[in-house]
Each structure stands twice: as structure tokens, then as C-alpha cells.
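Those sequence lines, one after another, are chains B and G. My numbering runs 4 ahead of the 1-based position in the first sequence. My numbering runs 4 ahead of the 1-based position in the second sequence. What follows is one structure encoded as C-alpha cells, with my remarks underneath.
2 protein chains.
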Amino acid sequence: MQAGNLSIGDLGHQTGTKVETIRYYERIGLLSAPARTAGNYRSYTKDHLNRLSFIRRARDLGFSLEQVRALLDLSDDRKRSCSAIDTIAKEHLSEVDRKIADLKALRRELNNMITQCSCGTVADCRIIDSLSP
Amino acid sequence: MQAGNLSIGDLGHQTGTKVETIRYYERIGLLSAPARTAGNYRSYTKDHLNRLSFIRRARDLGFSLEQVRALLDLSDDRKRSCSAIDTIAKEHLSEVDRKIADLKALRRELNNMITQCSCGTVADCRIIDSLSP
DNA sequence: GCTTGACCCTGTAGTTGCTACAAGGTGCAT
DNA sequence: ATGCACCTTGTAGCAACTACAGGGTCAAGC
Chain B
5 MQAGNLSIGD LGHQTGTKVE TIRYYERIGL LSAPARTAGN YRSYTKDHLN
55 RLSFIRRARD LGFSLEQVRA LLDLSDDRKR SCSAIDTIAK EHLSEVDRKI
105 ADLKALRREL NNMITQCSCG TVADCRIIDS LSP
Chain G
5 MQAGNLSIGD LGHQTGTKVE TIRYYERIGL LSAPARTAGN YRSYTKDHLN
55 RLSFIRRARD LGFSLEQVRA LLDLSDDRKR SCSAIDTIAK EHLSEVDRKI
105 ADLKALRREL NNMITQCSCG TVADCRIIDS LSP
């Protein structure tokens, strides 16, 4: 493998992604096909690493692959009009805010359980209430 | 439908869940089978509504069904030892903290894009960097 | 009281997003 | 030159829905 470039296994290790998943992202056009070595091995750059890391973390946050694609397009598509970027970004922003609020409520309940446990009491668990309507 | 009780469609509307998905959760034992009306319709209670709301929002936050099951068990299983609850809750807590941090970074970048857009400039987009290694 | 339409039922097949092989090639160390 | 860890394509399976098909229920309106 050439200096500065990464094998598919390297990329997998550094992002916590299975090799098969990386090839799957390439197949569906989410991650661009990298250069190949003489022996037909995929040879990735730092850009691929950053992009894959973004994809994985956005997925972990509950965004669908199509939403991830839209977020990546915000970054890629220089031809897109400013107002379009603005609209899409604002949509995602409100979704992100909602998720942060939900996670904070869940966090509070988990924390309650831990502190109650360590002081020996088992008070009523309100974990379901934390994410109820 | 009896007073105070909910049809599967009501439950779907109030939680943003497809009817088929609710039946799927029942089939895999995530949501308990409700009482039936004379006409064999499912008749849900407020408890079902709260539990389903929790499931949907936890799924939206990127937890797997098995993780959701574990979180619900924390609330259900009164026989579980305090130290077990403590361990599981702490694991989930650190994952929740990581997700909050990632969402805040993403939020910051989306916000940057919006403010840049509204003042007419199109500076370099750093959205990918926000969730890079 | 009978029809119409919105809802519900079970069952099964399809989609998304991976994940796990199988069968074989590459490349470096001993 | 022979392991061994890694890579290749291809296909099949799994998780978590999602979308029918084919039929039953029920309240509203004529």
C-alpha cells in the first residue's frame, strides 16, 4: 500500500466499520470508489476516512442513509442555491435539536437510576416517562 | 372502542408509527398484546401509548431494538439486582453522552451554514469535519 | 335495514441497511 | 516457496420495518 494511502481494513479499523459495509456504501454510491493498487486492492485517502467517519456517526445518531446523503450533499454541492442550503440545514437543525432534548431527558433518568442505586434505594423508575409524549 | 382505550390507529397517530410496525413490535414481544374488543380489535391503554412512544423515540436516537429492550427491562424488572441496573445504566449513559456531544457538533455546523447563508457568503462547508475522527 | 367507507384482522412478500459466508487472489515474512 | 493475514467478487441471510392481498367490523347516512 502506497504511503499516505489506506487499505479497506485500515479504514474499517479507524471508523469501527466492517469491510463489507464499506463496500456496500461504495455500491450504493455513498462513498466514492477509490483508486486501485496494482493488485486490485482499494486505496483510500484521508478524505475517504473523514467522509466515512461522518457517515458512521450520523447513522449512529439515527439518520437514515438518505438523510446522510442529503447532509453530505450540503457539503459537496457548490451549485446549490443558498436558500436551498438554508432550508435543508434548518430542517436538519430542528431535528437535531429535538434529538438533543430527548437524549438529555434520557440522560437525566439514567443518572437518577444510578444515584438511587448507589445510595441503596430503588425508587420508582421513570425511564419510560422520560421519552413519553 | 371503549372509553379511555385506544385503537391501533389512534396509537399510530399519536406516536407517528405505522400500524404494521405496532403489530410487528407485538409479534417480537416488545409491546405486550393488548385486550381485544368483541370484534377482535386491539384495545390499548395509556401505558401502551407511553411504552410505544419510548420505543419510537429511542429508535430515532439510534438505539437498536435489543438496546431498547434492555432499557425497558431496566424499568420493568424489579427482581434485577441494584448493581446490575447500575452497570447497564452506566453503559447507556456513556453512549448517550457521546451522542449528545456528536449532535452538538453537528448542530454547530448546521448553524454556521445557516448564518453564512443568510449573510450572503458561502464559506467553506465544514459539516463533514464536525463528525470526523 | 342496508350500503358505503374508514377502519381493523391475519398472513406473506418486499425493502433497507447491513453482515456473513464461499471461493479464490495478493503480498509480506519466514 | 509456503504460510498467513489480508484483499477480491458474489450471493445469501438477518434486522427492522413496510406494503400489499384478501377479508371482517362498525358507525353514518339514506
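Note that the Cβ used here is the ideal one computed from N, Cα and C, for glycine as well. Since the structure is predicted, the reported quantities are computational estimates derived from the model, not experimental observations.
Check: Here's the rule I'm using: 16 or more other beta-carbon atoms within 10 Å means buried, otherwise exposed. How should SER57/G be labelled?; Outcome: buried
Check: With a cut-off of 8 Å, does the C-beta of GLN18/G fall near any C-beta of chain B?; Outcome: yes
Check: Looking at C-beta atoms only, is the number of pairs between the stretch 46 to 54 of chain G and the stretch 10 to 19 of chain G that lie closer than 8 Å three or more?; Outcome: yes
Check: Distance cutoff 8 Å, beta carbons only. Does ASN9/B sit that close to anything in chain G?; Outcome: no
Check: In three-state terms, what does DSSP make of TYR29/B?; Outcome: helix
Check: Hey, is PRO137/G's beta-carbon within less than 8 Å of any beta-carbon in chain B?; Outcome: yes
Check: Rounded to whole angstroms, what is the Cα-Cα separation between MET5/B and ASN116/G?; Outcome: Only weak support exists for where MET5/B lies, its pLDDT of 45 falling under 50; the value from the coordinates is given anyway. So the alpha carbons of these two residues sit roughly 38 Å apart.
Check: Go through its chain and collect everything with a Cβ distance to TYR29/B's Cβ below 6 Å, but skip five positions before and after it.; Outcome: LEU35
Check: Compare the C-beta of GLY33/B with all C-beta atoms of chain G and state if any pair is closer than 8 Å.; Outcome: no
Check: Using 8 Å for Cβ pairs, my map puts ALA109/G next to LEU135/G. What's the rounded Cβ distance?; Outcome: 6 Å
Check: Which same chain residues, not among the five before or five after LYS22/B, have their C-beta less than 8 Å away from its C-beta?; Outcome: GLY16
Check: Distance cutoff 8 Å, beta carbons only. Does ASN115/B sit that close to anything in chain G?; Outcome: yes
Check: Beta carbon of ILE132/G, beta carbon of SER79/B: below 8 Å?; Outcome: yes
Check: Taking 8 Å as the CB-CB limit, is MET5/B close to chain G?; Outcome: Summary for MET5/B: the model assigns pLDDT 45, below 50, so the residue's position carries little reliability, and this model does not support an answer.
Check: Taking any Cβ of chain B, which residues in the stretch 60 to 74 of chain G have a Cβ under 9 Å from it, in chain order?; Outcome: ARG60, ARG61, ALA62, ARG63, ASP64, LEU65, GLY66, PHE67
Check: Using the beta-carbon count (16 or more within 10 Å), is ILE32/G buried or exposed?; Outcome: exposed
Check: What's the call for ARG112/G, buried or exposed, on a 16-neighbour Cβ count within 10 Å?; Outcome: exposed
Check: Please name the residue in GLY43/B, PRO38/B, ALA62/B, ASP64/B whose C-alpha comes closest to that of HIS52/B.; Outcome: PRO38/B
Check: Taking all protein chains shown into account, do 16 or more other C-beta atoms lie within 10 angstroms of the C-beta of ALA42/B, making it buried, or fewer, making it exposed?; Outcome: exposed
Check: Could you name the residues of chain G that LYS94/B contacts, counting a contact when the two beta carbons are closer than 7 Å?; Outcome: ILE118
Check: Quick one: list the residues of chain B neighbouring ILE131/G, beta-carbon separation under 7 Å, in chain order.; Outcome: LEU75, LEU78, SER79
Check: Looking only at its chain, what residues have a beta carbon closer than 6 Å to the beta carbon of ILE59/G, apart from the 5 residues adjacent to it on each side?; Outcome: VAL72
Check: Determine whether the beta carbon atoms of ARG103/G and LEU65/G lie at a separation below 8 Å.; Outcome: Here the sequence assigns Lys to residue 103/G, which means Arg is not the residue at that position. Closer than 8 Å, so yes.
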